[in-house]
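Engineer: Under the numbering used here, residues 408 to 687 are what the sequence shown spells out, in order.
Below you will find the structure I want to go over with you.
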Amino acid sequence: MLHRFTTKIIRHISPSLAMSSSTLSYIDAGANLLDSMYQGKYHSKQRHEPDLDIVLQRAYDKGVSKIVSLAGTIKESEELTELICKLDSRDDVSSDKVQVFGTVGVHPTRCGEVFANKIDDSSTDDDTSTWMPKTESQLNEIKQQLIDLATKGKESGNVVAIGECGLDYARLQFCPKDIQQLGLRCQLEVAASTNLPLYLHNRESGDDLYEMLSEYKEKLSDDEGIRGIVHSFDESIDIAKQFMSLGLYIGINGCSLKTEENLSVAKQIPLDRLILETDW
């Protein structure tokens, strides 16, 4: 049952991820394999030798056949595609291993780094700053860079979604709402241009995210609606229903299960709209 369920969900996200084996296996729909811990670094200190190969092999041995790893900046998107190519080309490990796929996109808290220029305010003693959106020509260049990177990855079979993109109103100290929304609009256009699903981030921003996605529904939808996942969901069931009405799936992990309210929401999400992810 789980095999059929995960196969259906992942095929909806991207046909290249569909499983053909009849053996029970799992798909981790959201991981962070670029994290420095897999290179043995914790808080910038080297603690052990890189062990990503060991982690991936252990995952495979426990039944994980496929992993979608997430990117949060253009640089990370490039690094992730390079990592996947490296993993695919390794000839010193068993052919029986986890298949790793990736995303291309900019996390909402990182949108200022990509879509705007930071202007320090030297007129006050406070550590304050403002963000100035980049020019239209600069934004077009950024969108084309994302389109080119995503298209190349899609053609190779390694890139399966645009993201991690979205909105995060819980951490506005990293990037204000207007710049986050600008970055999201740019990436929704990238998704429409590349015909790739969305890997969406949402923190205390469900209503605004729903409204923005609704604006782009015609550009992003196939016969079943907008393709994609609302990752690490932790809002109300009403917000979840709004996203599902657009065709989206709801991704849950440890962050989605911290409170009694979280648990109640998770119980109410239909199984055919539920995605499991570790976010590890």
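The beta-carbon is built from N, C-alpha and C at its ideal position, and this holds for glycine as well.
By alpha-carbon positions, which one of 481, 565 and 615 ends up nearest to residue 551?
Structural biologist: Locating residue 551 in the sequence shown gives position 144, counting from the first residue. Cα-wise, what sits closest to residue 551 is 481.
Engineer: Between the beta-carbon of residue 474 and the beta-carbon of residue 519, is there less than 9 Å?
Structural biologist: In the sequence shown, the residue the question calls residue 474 occupies position 67. In the sequence shown, the residue the question calls residue 519 occupies position 112. Cβ distance not < 9 Å, so residue 474 and residue 519 don't count as in contact.
Engineer: Using the C-alpha atoms, what's the distance from residue 643 back to residue 670?
Structural biologist: Counted from its first residue, the sequence shown places residue 670 at position 263. Counted from its first residue, the sequence shown places residue 643 at position 236. Each residue's Cα considered, the two are about 10 Å apart.
Engineer: With distances taken between CB atoms, is the gap from residue 607 to residue 548 smaller than 9 Å?
Structural biologist: For the purposes of this step, residue 607 is taken as residue 200 along the sequence shown, with counting starting at 1. For the purposes of this step, residue 548 is taken as residue 141 along the sequence shown, with counting starting at 1. No; because the gap between Cβ atoms is not below 9 Å, this pair is not in contact.
Engineer: Give me the residue from 503, 510, 432 and 467 with the minimum Cα distance to residue 441.
Structural biologist: Against the sequence shown, residue 441 aligns to sequence position 34. When only C-alpha atoms are compared, the closest one is 510.
Engineer: CA-CA distance, residue 654 and residue 588?
Structural biologist: For the purposes of this step, residue 654 is taken as residue 247 along the sequence shown, with counting starting at 1. For the purposes of this step, residue 588 is taken as residue 181 along the sequence shown, with counting starting at 1. Going by the C-alpha atoms only, they are around 21 Å apart.
Engineer: Is it the case that the region 598-605 contacts the region 623-637, given that we only count it when at least three CB pairs across the two stretches are under 8 Å?
Structural biologist: For the pair of segments examined, the region 623-637 was found to touch the region 598-605: the number of CB pairs separated by less than 8 Å reaches three.
Engineer: Cutting at 7 Å between CB atoms, please list the residues of its own chain near residue 504, excluding the five before and the five after it.
Structural biologist: For the purposes of this step, residue 504 is identified with residue 97 of the sequence shown, where counting begins at 1. Contacts found: 463, 464 and 467.
Engineer: Apart from the five residues on each side of it in sequence, which residues of its chain come closer than 8 Å, Cβ to Cβ, to residue 521?
Structural biologist: As a first step, residue 521 must be located in the sequence shown, where it is residue number 114. These residues qualify, in order along the chain: 480, 481, 513, 549 and 590.
Engineer: Just to confirm the assignment, what range does the alpha helix (DSSP H) spanning residue 581 have?
Structural biologist: Residue mapping note: residue 581 aligns to position 174 of the sequence shown, counting from 1. Residue 581 -> no alpha helix (DSSP H), and no H or E assigned at all.
Engineer: Do the region 618-629 and the region 657-676 meet, that is, are 3 or more Cβ pairs less than 8 Å apart?
Structural biologist: no
Engineer: Taking the alpha-carbon positions, what's the residue 576 to residue 439 distance?
Structural biologist: Along the sequence shown, read from residue 1 onward, the residue named residue 576 stands at position 169. Along the sequence shown, read from residue 1 onward, the residue named residue 439 stands at position 32. C-alpha separation (whole angstroms): 21 Å.
Engineer: By Cβ distance, which residues of its chain are closer than 7 Å to residue 487, with the 5 residues on each side in sequence left out?
Structural biologist: The residue given as residue 487 occupies position 80 in the sequence shown. Taken in chain order, the residues that qualify are 441, 476, 478 and 509.
Engineer: If you count every other CB in all the chains shown that lies within 10 Å of the CB of residue 545, and 16 or more means buried, which is it?
Structural biologist: The residue you call residue 545 lines up with position 138 of the sequence shown. Under this definition residue 545 is an exposed residue.
Engineer: Can you tell me the Cα-Cα spacing of residue 651 and residue 539, whole angstroms?
Structural biologist: In the sequence shown, the residue the question calls residue 651 occupies position 244. In the sequence shown, the residue the question calls residue 539 occupies position 132. Rounded to whole angstroms, residue 651 to residue 539 spans 34 Å at the Cα level.
Engineer: Return the residue from the list 663, 667, 599 and 506 that minimises the CA-CA distance to residue 564.
Structural biologist: If you number the sequence shown from 1, residue 564 lands on position 157. The residue with the shortest Cα to Cα distance from residue 564 is 506.
Engineer: Between residue 446 and the rest of its own chain, which residues show a CB-CB distance below 7 Å, the 5 nearest in sequence each way excluded?
Structural biologist: Sequence index remark: in the sequence shown, residue 446 carries index 39 (1-based). Excluding positions up to five away in sequence, the list reads 457.
Engineer: Please return the same chain residues whose Cβ sits closer than 8 Å to the Cβ of residue 485, not counting the five positions on each side in sequence.
Structural biologist: For the purposes of this step, residue 485 is taken as residue 78 along the sequence shown, with counting starting at 1. Around residue 485: 556.
Engineer: Tell me which residue opens and which closes the beta strand (DSSP E) that residue 523 is part of.
Structural biologist: One-based indexing of the sequence shown puts residue 523 at position 116. Where residue 523 is concerned, the enclosing beta strand (DSSP E) stretches over 523-527.
Engineer: Rounded to whole angstroms, what is the Cα-Cα separation between residue 448 and residue 461?
Structural biologist: Stepping through the sequence shown from its first residue, residue 448 is reached at position 41. Stepping through the sequence shown from its first residue, residue 461 is reached at position 54. Computed Cα separation, rounded: 15 Å.
Engineer: Please classify residue 527 as buried or exposed, where buried requires at least 16 other C-beta atoms within 10 Å of its C-beta.
Structural biologist: The residue given as residue 527 occupies position 120 in the sequence shown. Classification for residue 527: exposed.
Engineer: Based on the DSSP secondary-structure assignment, which residues constitute the bridge partners of residue 609?
Structural biologist: Mapped onto the sequence shown, residue 609 falls at position 202. Looking at the DSSP assignment, residue 609 forms a beta bridge with 574.
Engineer: To the nearest angstrom, how far is the alpha carbon of residue 489 from that of residue 436?
Structural biologist: Along the sequence shown, one-based indexing puts residue 489 at 82. Along the sequence shown, one-based indexing puts residue 436 at 29. Approximately 19 Å between the Cα atoms of the pair.
Engineer: Taking the beta carbon of residue 638 as the centre, do at least 16 other beta carbons fall within 10 Å, making it buried, or is it exposed?
Structural biologist: Stepping through the sequence shown from its first residue, residue 638 is reached at position 231. Burial call: buried.
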